[in-house]
Structure formats: structure tokens, C-alpha cells
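Here is the structure we will look at, set down as C-alpha cells.
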Amino acid sequence: MLEFKVRGENIEITDAMSEYIEKRISRLERYLNTEASYIARVNVRSYKEGTFKTEVTIQLPYLLLRAEDTQTDMYQTVDFVSDKLERQIRKYKTKVNRKSREKGYKGLENTDFMAVDPAAAVEEPEPEDEGLEIVRTKHVDLKPMDVEEAVLQMELLGHEFFIFQDAETDLPAVVYKRRDGKYALLDTVN
């Protein structure tokens, strides 16, 4: 069900480390659709000051799970990241179920995360321009969703903005967090 792509930066990932990561993150499989396969991208970094940072990203059809943690013990970072991802899944499922009951959507009560689109976020290096320097380009696959789901995604990712396809209009839109802590929507017109 979960396929692991474990990568180390400034650290060699041993078999024991890899087994521990897979064992801890595999606990999330109980929340996922058993007929689909998902890719868990795990990045472990070691810093000179003796700390470790573990980042895990799992792309689901309508949800990007991502968590990171920095500690002095690499195994502890894996534990914390696993717990954060589990909380994200539970929070999302609770919100979807509540929304389903409130708005009467059929079939959402039993929604389990379905297929993965691994090409949802592909990064490509951008050539330098003389005046304006683009240091990274990120291509995203816009998923149809409503504004409430987009805000939830943005919060789960810890970003200041989120681009998505509005399910009602089928046009791109952006939600962002204002300085006053409230949310705003940038909508497009035909």
C-alpha cells in the first residue's frame, strides 16, 4: 500500500533507519484505501549542530499530507512526524464527514482516500533570467474543491496561500491568509 522513497542528506540511511521509518509511517495505512498504492517521500537531513530534520510527503487524490520535525534524535523526529500526519488525516476525515452530514453529499461519509497522482507536484529547475531570478518552479495539478477544503489544505500544509480549481466554476482560484488572521479568496472570471 505505502511505497517508501527514503532519501538522506548529509547522512547515510542504514537498513535499521529505513526499517524504523517504514514501520512508523506504515501505521497510517489503516486510514488509507487498501486497493490503492501511495508513495511516501521521506527526506532525512543531518545538520552540523547535531540535529536531524525529517520531512514526509504523501500525495493523496484530494489531500497532500506533509509534516516535518527537527530534533537531536533522528528516531524521535520520525515519531513526531508520524503523529503529525496521523492528526492531519483524522482532522481531514472529520471535516469531510461533518461537511457531508451538513450539506447532504452522497457517498462522502465512507470516503476513503483513493488513488495517488504522483505527478501532482513536479519541480523543475528554471533557467536564470538577467533581471528577475526564479530560483524554483513548481508545477501543481489543480484539484477541484470548494473554498472550505482549500483553506483546510492550506492550513494542513502550513502555507500562506493555496491555489485550487473551484468545484462550482471549474476555474482556478487562490485562498490566502490575511495579516489580520482571516482568509481571502482570489477568484477568476470567464
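Counted the way this note's numbering counts, the sequence shown spans residues 24 to 213.
Built from N, CA and C at the ideal position, the CB exists for glycine as well.
* Asked: What's the call for Leu-194, buried or exposed, on a 16-neighbour Cβ count within 10 Å?
  -> Taking the first residue of the sequence shown as position 1, residue 194 is located at position 171. So Leu-194 counts as exposed.
* **C-alpha gap between Ser-60 and Leu-83, whole angstroms** => Taking the first residue of the sequence shown as 1, we reach residue 60 at position 37. Taking the first residue of the sequence shown as 1, we reach residue 83 at position 60. Each residue's Cα considered, the two are about 10 Å apart.
* Asked: Within 10 angstroms of its Cβ, does Arg-39 collect 16 or more other Cβ (buried), or is it exposed?
  -> The count along the sequence shown starts at 1 and reaches residue 39 at position 16. Before going further, note that residue 39 is Ala rather than Arg in the sequence given. Answer is exposed; the Cβ neighbour count stays below 16.
* Nearest to Lys-76 by alpha carbon, out of Leu-86, Tyr-85 and Val-65? -> In the sequence shown, residue 76 corresponds to position 53, counting from 1. The candidate whose alpha carbon is nearest that of Lys-76 is Val-65.
* Where Val-101 sits in the DSSP three-state scheme -> The residue you call residue 101 lines up with position 78 of the sequence shown. In this structure, Val-101 counts as helix in the three-state DSSP scheme.
* Asked: Hey, out of Asp-169, Val-212 and Ile-186, whose CA is closest to Lys-126's CA?
  -> As a first step, residue 126 must be located in the sequence shown, where it is residue number 103. Closest by alpha carbon: Asp-169.
* Asked: Out of curiosity, what's the CA-to-CA distance linking Thr-57 and Thr-160?
  -> On the sequence shown, position 34 is the one that residue 57 refers to. On the sequence shown, position 137 is the one that residue 160 refers to. If I take the Cα positions, the gap works out to 33 Å.
* Going along the chain, which unbroken runs of the beta strand (DSSP E) with 3 or more residues stay wholly within the stretch 186-210? -> 195-200 and 206-210
* Could you give the residue range of the alpha helix (DSSP H) that holds Lys-71? -> By one-based count along the sequence shown, residue 71 stands at place 48. Premise fails: Lys-71 is in no alpha helix (DSSP H) and is neither H nor E.
* Cβ contact check for the stretch 172-191 and the stretch 110-118: 3 or more pairs under 8 Å -> yes
* Asked: Going by alpha carbons, who is nearest to Arg-109 out of Val-67, Leu-51 and Asp-92?
  -> For the purposes of this step, residue 109 is identified with residue 86 of the sequence shown, where counting begins at 1. The sequence shown places Glu at residue 109, rather than the Arg named in the question. It is Leu-51.
* Provide the residue(s) that pair with Glu-26 in DSSP beta bridges, ordered along the chain. => Counting from 1 along the sequence shown, the entry for residue 26 is found at position 3. According to DSSP, which records beta bridges pairwise, Glu-26 is partnered with Ile-62.
* To do: Compare the C-alpha of His-162 against each of Asp-203, Leu-179 and Phe-187 and name the closest.
  => Position 139 of the sequence shown holds residue 162. If we check each option's Cα against that of His-162, Phe-187 comes out closest.
* To do: Check Thr-93 in the structure and name its three-state DSSP category.
  => As a working note, residue 93 is residue 70 in the sequence shown. If DSSP states are grouped into helix, strand and coil, Thr-93 belongs with the strands.
* Asked: Roughly how many angstroms separate the alpha carbons of Asp-203 and His-182, rounded to a whole number?
  -> Along the sequence shown, one-based indexing puts residue 203 at 180. Along the sequence shown, one-based indexing puts residue 182 at 159. In a straight line, the C-alpha of Asp-203 is about 16 Å away from that of His-182.
* May I have the straight-line CA-CA distance separating Arg-53 from Ala-190, to the nearest angstrom? => The sequence position of residue 53 within the sequence shown is 30, counting from 1. The sequence position of residue 190 within the sequence shown is 167, counting from 1. Arg-53 and Ala-190: Cα-Cα distance of roughly 29 Å.
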